[in-house]
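*Asks:* Chains B and S are the protein sequences, given in the same order. Once you know that position 24 of the first sequence is 682 in the working numbering, the rest is easy, because the numbers rise by one and skip nothing. Once you know that position 14 of the second sequence is 672 in the working numbering, the rest is easy, because the numbers rise by one and skip nothing. Ideal placement from N, C-alpha and C gives every residue a C-beta, glycine not left out. Because the structure is a prediction, the values reported are computed rather than measured.
Number of protein chains: 2
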Amino acid sequence: MIGHEIHHKTLSNGLTVLVETMPAVRSAAFTLLIPAGSAFDPAGQNGTASALADWITRGTGSMSSRELLSAFDRLGIQAHESASLNHLVISGACLSENLPAALRLYGEVIRHPLFNEDDFEAVMAGVEQSLLVIEDEPRQKVMFELVRRCFPSPWGKPAEGTLEDLEQITPDAVRQQFRRCVRPQGAILGIAGNVTLEELAPILDEAFGDWSGANEIVLKTGARGVYRDHLSHESTQTHIGVSYPAVPYGADDYYQAWAAVNVLSGGMSSRLFTEVREKRALCYSVYASLNSIKSEGQVLCYAGTTSERAQETLDVLLRELVRLGEGIEEEELARCKARAKSSLIMAQESTGGRAGSLARNWFYLGRIVTMEEVRAKIEALTTQTVLDYVKAHPAQDFTVLTIGPEPLVS
Amino acid sequence: MIGHEIHHKTLSNGLTVLVETMPAVRSAAFTLLIPAGSAFDPAGQNGTASALADWITRGTGSMSSRELLSAFDRLGIQAHESASLNHLVISGACLSENLPAALRLYGEVIRHPLFNEDDFEAVMAGVEQSLLVIEDEPRQKVMFELVRRCFPSPWGKPAEGTLEDLEQITPDAVRQQFRRCVRPQGAILGIAGNVTLEELAPILDEAFGDWSGANEIVLKTGARGVYRDHLSHESTQTHIGVSYPAVPYGADDYYQAWAAVNVLSGGMSSRLFTEVREKRALCYSVYASLNSIKSEGQVLCYAGTTSERAQETLDVLLRELVRLGEGIEEEELARCKARAKSSLIMAQESTGGRAGSLARNWFYLGRIVTMEEVRAKIEALTTQTVLDYVKAHPAQDFTVLTIGPEPLVS
Chain B
659 MIGHEIHHKT LSNGLTVLVE TMPAVRSAAF TLLIPAGSAF DPAGQNGTAS
709 ALADWITRGT GSMSSRELLS AFDRLGIQAH ESASLNHLVI SGACLSENLP
759 AALRLYGEVI RHPLFNEDDF EAVMAGVEQS LLVIEDEPRQ KVMFELVRRC
809 FPSPWGKPAE GTLEDLEQIT PDAVRQQFRR CVRPQGAILG IAGNVTLEEL
859 APILDEAFGD WSGANEIVLK TGARGVYRDH LSHESTQTHI GVSYPAVPYG
909 ADDYYQAWAA VNVLSGGMSS RLFTEVREKR ALCYSVYASL NSIKSEGQVL
959 CYAGTTSERA QETLDVLLRE LVRLGEGIEE EELARCKARA KSSLIMAQES
1009 TGGRAGSLAR NWFYLGRIVT MEEVRAKIEA LTTQTVLDYV KAHPAQDFTV
1059 LTIGPEPLVS
Chain S
659 MIGHEIHHKT LSNGLTVLVE TMPAVRSAAF TLLIPAGSAF DPAGQNGTAS
709 ALADWITRGT GSMSSRELLS AFDRLGIQAH ESASLNHLVI SGACLSENLP
759 AALRLYGEVI RHPLFNEDDF EAVMAGVEQS LLVIEDEPRQ KVMFELVRRC
809 FPSPWGKPAE GTLEDLEQIT PDAVRQQFRR CVRPQGAILG IAGNVTLEEL
859 APILDEAFGD WSGANEIVLK TGARGVYRDH LSHESTQTHI GVSYPAVPYG
909 ADDYYQAWAA VNVLSGGMSS RLFTEVREKR ALCYSVYASL NSIKSEGQVL
959 CYAGTTSERA QETLDVLLRE LVRLGEGIEE EELARCKARA KSSLIMAQES
1009 TGGRAGSLAR NWFYLGRIVT MEEVRAKIEA LTTQTVLDYV KAHPAQDFTV
1059 LTIGPEPLVS
């Protein structure tokens, strides 16, 4: 599985296509990123992108919603549509021989959506109910609300929308979002599997060649939310979300930032797991992850615990985050590299994983990132360069959000 | 990826080893099933298996808990230990060149666990907190509680345990569960990846050859729980769990049962999704799945909805389940087969998926099940044989459990 060839083509309408040929598999996967995510939701109508992701697959000019779903199923496509912060994300996997037919169907979906108003109530009910599930599950809700506070507008806008905005979303608002945002310029189609760009080229032209749309929208960065907040919730559990600044995806020291978070929370022997969970029996789940976007980054941390242990858990968590600046052991970095090597090779074996990575890397970096490049960058990390990063970007300026019976002190 | 060779060996102590050689990958995965799941929990101590799954990896005779976790991470193992109904499940994935070292480590874990009492509080806190999370998440809790009611004892015992039993679990009870249940006779090790049984044979002997243990325990089937129940929960949402009888895993018409459930809930165009979600906008999530064990089976259905729509959702759900007996269209079964074909081939590309399937099939059927056999059985299905199955096992004798502000009528 080494040395998969990756080829790139930009269609005349601006759509970027990336194809990684994996000769050893029989399936193929694709991820289409269209710059129509929740960041583009109109003010007061957060949830529009999420509604669009659902409505857009409910039929095309030539097929009813049910006919379209049946067509997907006949091709054995495992499909998924959703809104992320930046994108309307359409992804799927199927046998490689069915990929051309799948791409033709999705060409219809994005160029000629039916947008039948009879389906709109069901679409909005779905968006609302997804949000109500988050309301009911504080483990999810704490991270959802943390992101809303720690990123500046519009980069903290939840992909799922917000309950208070949903009532303002009309069919016309969603159609307008489609016309404003769904266009080939800036869209990226990543494909990985037993296919080649050469054989797919005529199908891509047929499915997406005459796709056209509006100009690119430039979003302005606004204010961020509060640094401390507590949402009262009657339960025996307290859910803690903590974040602090990191670097954007394309930063020179992005891999150092990645390693720093990985020392904290990358594996079974990483610090948060051993300190907070193993040694002190404080909480049932704890993790940190690097959440970098184009313009900035935040480390997002979560800890779930019983309410009587919540204050101590938060104290230990913050202390561990700060303590990273005191030094990193060679052995910690070695384990981090071993885990990464293993994960990278396993990722090579997943068509869905590769299709998504190809597309996301192109979005963030504007180029193909090979697994070999990632491997070399990780191999080149030293404890000194990681520590230099941590000293330049220390754990401070924390955003702390809690959900539980009582607020905590931080 | 067609025609992976699968080889089988039984060690002299009774451990069954199954190896599927996948020459196109660089990773290897394993699943070790030890007959020490929650079904074996002593009466009044449900949660013992779950505690054992955590405690057993906290150090061995020669390694502290932290040394062991570091050793796993140095090998880049993505590991997971848990209790299921029947088994203590130890699984992992890593580069194929690291599999021998990984197996040696797990040989230590299961033969010489440290069982340090200093860790016991952390172990039990972890088990308790996992349960408290389920308490907080009604979407999970409804299915957890449904299984407790619809299967006879001990087959409905939750792998996670129950809060009321946890306080009765002592270190000695867990050690005794280990001595009673953790043994090679009846244990199954499935391995899939770029490895062969031939090259692994000496390592298997070294790691597991002198593993010994108690005799097999035969569990007696007892009474089942109530057919109707409601758990009151203040929320705008109601969570509905419904089950009805199906067939055991090894039944002659198991694939017919699988197809029947798949017509209901296998893909985007399946009945529950289109009827309940798409057409009526009733609920945000609905599914049915076939849950077969050795001695019997149940179809488990879930629907989540707003409380004002809950009664209508339950009514529509039950009507759809019953309506399956009125007929199945050729086109429905064709889509079901297309989805299955696609899924089967994609499953062939996952080492973790294959390792788990090998081991589980051996547990349920006592033999190797090739993907080709599954494909042929699915290909041979006809609407008539599926309908015959549905008529022989109609949707009736429902168990209905709801969580929400108000009980429903059923």
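For chain B, is any of its Cβ atoms less than 9 Å away from the one on ARG981 of chain S?
*Replies:* Indexing the second sequence from 1 puts residue 981 of chain S at position 323. No, no contact with chain B.
*Asks:* Measure from the alpha carbon of ALA707 of chain S to the alpha carbon of each residue in S:SER740, S:LYS937, S:ARG807, then state which is nearest.
*Replies:* Position 49 of the second sequence holds residue 707 of chain S. Cα-wise, what sits closest to ALA707 of chain S is S:SER740.
*Asks:* Given a threshold of 16 other Cβ atoms within 10 Å of its Cβ, counted over all protein chains shown, does PRO771 of chain B qualify as buried or as exposed?
*Replies:* Residue mapping note: residue 771 of chain B aligns to position 113 of the first sequence, counting from 1. Per the 10 Å Cβ criterion, buried.
*Asks:* Examine the ligand SAM and report whether any of its heavy atoms sits within less than 8 Å of the Cβ of GLU857 of chain B.
*Replies:* What this structure holds is no ligand at all, so the ligand SAM is not there to describe.
*Asks:* In terms of residue numbering, what span does the alpha helix (DSSP H) encompassing PRO1129 of chain B cover?
*Replies:* The requested residue 1129 of chain B is not part of the displayed model; chain B covers only 659 to 1068.
*Asks:* Please name the residue in S:ALA1005, S:GLY672, S:TYR945, S:ILE1026 whose C-alpha comes closest to that of VAL900 of chain S.
*Replies:* Position 242 of the second sequence holds residue 900 of chain S. Residue S:TYR945 is the option with its Cα nearest to VAL900 of chain S.
*Asks:* Please list, in chain order, the residues of the region 715-728 of chain S that have any C-beta partner in chain B closer than 8 Å.
*Replies:* Within the region 715-728 of chain S, the residues whose Cβ lies closer than 8 Å to some Cβ of chain B are ARG716, SER723, ARG724, LEU727, SER728, listed in chain order.
*Asks:* Using alpha carbons as the reference points, say which of S:GLU874, S:VAL767, S:ASN704, S:ILE849 lies closest to GLU725 of chain S.
*Replies:* Numbered from its first residue, the second sequence carries residue 725 of chain S at position 67. Answer by Cα proximity: S:VAL767.
*Asks:* Just checking: is the beta-carbon of SER696 of chain S within a distance shorter than 9 Å of some beta-carbon in chain B?
*Replies:* Here the question's residue 696 of chain S lines up with position 38 in the second sequence. It does not: the Cβ of SER696 of chain S has no partner Cβ on chain B nearer than 9 Å.
*Asks:* Could you give the distance in angstroms between the alpha-carbon of GLY672 of chain S and the alpha-carbon of GLU874 of chain S?
*Replies:* Within the second sequence, residue 672 of chain S is the residue found at index 14, counting from 1. Within the second sequence, residue 874 of chain S is the residue found at index 216, counting from 1. Looking at the two C-alpha atoms, the distance is approximately 11 Å.
*Asks:* Please identify, using Cβ separations under 9 Å, the residues of the region 900-934 of chain B that lie next to chain S, in order along the chain.
*Replies:* Those would be GLY924, GLY925, MET926, SER927, SER928, PHE931, THR932, in chain order.
*Asks:* Sorted by chain position, which residues of the same chain lie with C-beta nearer than 7 Å to TYR1022 of chain B's C-beta, five sequence neighbours on each side aside?
*Replies:* The residue you call residue 1022 of chain B lines up with position 364 of the first sequence. For TYR1022 of chain B, where only same-chain residues beyond five positions count, the Cβ hits under 7 Å are TYR907, GLY908, LYS952.
*Asks:* Between which two residues does the beta strand (DSSP E) holding GLU954 of chain B run?
*Replies:* Here residue 954 of chain B corresponds to residue number 296 of the first sequence, with the count starting at 1. Careful: GLU954 of chain B lies outside any beta strand (DSSP E) and carries neither H nor E.
*Asks:* For PRO796 of chain S and VAL1067 of chain B, I'd like the C-alpha separation in whole angstroms.
*Replies:* Working through the second sequence from its first residue, we reach residue 796 of chain S at position 138. Working through the first sequence from its first residue, we reach residue 1067 of chain B at position 409. Whole-angstrom Cα-Cα distance: 29 Å.
*Asks:* From this set, B:GLN1006, B:GLN798, B:LEU930, B:SER947, which residue's C-alpha is nearest LEU940 of chain B's C-alpha?
*Replies:* Along the first sequence, read from residue 1 onward, the residue named residue 940 of chain B stands at position 282. Comparing Cα positions, the closest option is B:LEU930.
*Asks:* Identify whether TYR902 of chain B lies in helix, strand or coil by the three-state DSSP scheme.
*Replies:* Stepping through the first sequence from its first residue, residue 902 of chain B is reached at position 244. Looking at TYR902 of chain B - three-state DSSP - the assignment turns out to be strand.
*Asks:* Whole beta strand (DSSP E) runs in the region 868-951 of chain S with 3 or more residues, listed along the chain?
*Replies:* The qualifying runs are 886-890, 895-904, 941-950.
*Asks:* Could you check what DSSP says for MET680 of chain B in three-state terms: helix, strand or coil?
*Replies:* By 1-based counting over the first sequence, the position of residue 680 of chain B is 22. In the structure shown, MET680 of chain B sits in coil (DSSP, three-state: anything other than H, G, I, E or B).
*Asks:* Does the beta-carbon distance from ILE714 of chain B to PHE773 of chain B come in below 9 Å?
*Replies:* The residue labelled residue 714 of chain B in the question sits at position 56 within the first sequence. The residue labelled residue 773 of chain B in the question sits at position 115 within the first sequence. Yes, the Cβ-Cβ distance between ILE714 of chain B and PHE773 of chain B is below 9 Å.
*Asks:* Where does ALA751 of chain S sit, in a helix, a strand or coil, going by DSSP?
*Replies:* Your numbering for residue 751 of chain S matches position 93 in the second sequence. In this structure, ALA751 of chain S counts as strand in the three-state DSSP scheme.
*Asks:* How far does the alpha helix (DSSP H) with THR1060 of chain S in it extend, from its first residue to its last?
*Replies:* Here residue 1060 of chain S corresponds to residue number 402 of the second sequence, with the count starting at 1. THR1060 of chain S -> not in any alpha helix (DSSP H); beta strand (DSSP E) instead, spanning 1057-1062.
*Asks:* Per the contact definition of three or more C-beta pairs closer than 8 Å, is the region 815-834 of chain S in contact with the region 980-989 of chain S?
*Replies:* Segments in contact, no.
*Asks:* Got a sec? Which residues, its chain only, sit under 6 Å from ARG882 of chain S by beta carbon, not counting five neighbours each side?
*Replies:* Residue mapping note: residue 882 of chain S aligns to position 224 of the second sequence, counting from 1. Same-chain partners within the cutoff: PRO810.
*Asks:* What is the residue span of the alpha helix (DSSP H) that ILE768 of chain B lies within?
*Replies:* Position 110 of the first sequence, counting from 1, holds the residue named residue 768 of chain B. 757-769 is the span of the alpha helix (DSSP H), which, as asked, contains ILE768 of chain B.
*Asks:* Would you verify that the beta carbon of GLN956 of chain B is, or is not, closer than 9 Å to some beta carbon of chain S?
*Replies:* Here residue 956 of chain B is taken as the residue at index 298 of the first sequence, counted from 1. No - not a single Cβ of chain S is within 9 Å of the one on GLN956 of chain B.
*Asks:* Relative to the C-alpha of ILE664 of chain S, which candidate in S:ILE692, S:GLU1037, S:ALA682, S:ARG1012 has its C-alpha closest?
*Replies:* Translated into the one-based positions of the second sequence, residue 664 of chain S becomes position 6. Considering only alpha carbons, the answer is S:ARG1012.
*Asks:* Which residues bound the beta strand (DSSP E) around GLU739 of chain S?
*Replies:* Looking up residue 739 of chain S in the second sequence gives position 81. Residues 736-741.
*Asks:* Start and end of the beta strand (DSSP E) containing ILE1003 of chain S?
*Replies:* Position 345 of the second sequence, counting from 1, holds the residue named residue 1003 of chain S. ILE1003 of chain S -> not in any beta strand (DSSP E); alpha helix (DSSP H) instead, spanning 988-1005.
*Asks:* Measure from the alpha carbon of TYR902 of chain S to the alpha carbon of each residue in S:ILE1061, S:LYS1035, S:LEU975, then state which is nearest.
*Replies:* Numbered from 1 along the second sequence, position 244 holds the residue referred to as residue 902 of chain S. Among S:ILE1061, S:LYS1035, S:LEU975, the Cα nearest to that of TYR902 of chain S belongs to S:LEU975.
*Asks:* Would you list the residues sitting across from MET641 of chain S in a DSSP beta bridge?
*Replies:* The shown model of chain S, from 659 to 1068, leaves out residue 641 of chain S, and the question about it has no answer.
*Asks:* Any idea which residues DSSP pairs ALA686 of chain B with across the strands?
*Replies:* Translated into positions along the first sequence, residue 686 of chain B becomes position 28. Bridge partners of ALA686 of chain B: B:CYS752, B:GLY851.
*Asks:* Roughly how many whole angstroms lie between the Cα atoms of GLU1030 of chain B and LEU1002 of chain B?
*Replies:* By 1-based counting over the first sequence, the position of residue 1030 of chain B is 372. By 1-based counting over the first sequence, the position of residue 1002 of chain B is 344. About 9 Å.
*Asks:* Using a Cβ cut-off of 9 Å (strictly closer), state whether PHE836 of chain B contacts chain S.
*Replies:* Taking the first sequence and counting its residues from 1, the one referred to as residue 836 of chain B is at position 178. So, not an interface residue.
*Asks:* In chain S, which residues lie with their C-beta within 7 Å of the C-beta of SER893 of chain B?
*Replies:* One-based indexing of the first sequence puts residue 893 of chain B at position 235. Within 7 Å Cβ-Cβ: ASP794.
*Asks:* Can you give me the Cβ contacts of TYR885 of chain S inside the same chain, cut-off strictly under 6 Å, excluding the 5 residues immediately before and after it?
*Replies:* Reading the second sequence from its first residue, position 227 is the one you call residue 885 of chain S. Answer for TYR885 of chain S: THR1057, listed in chain order.
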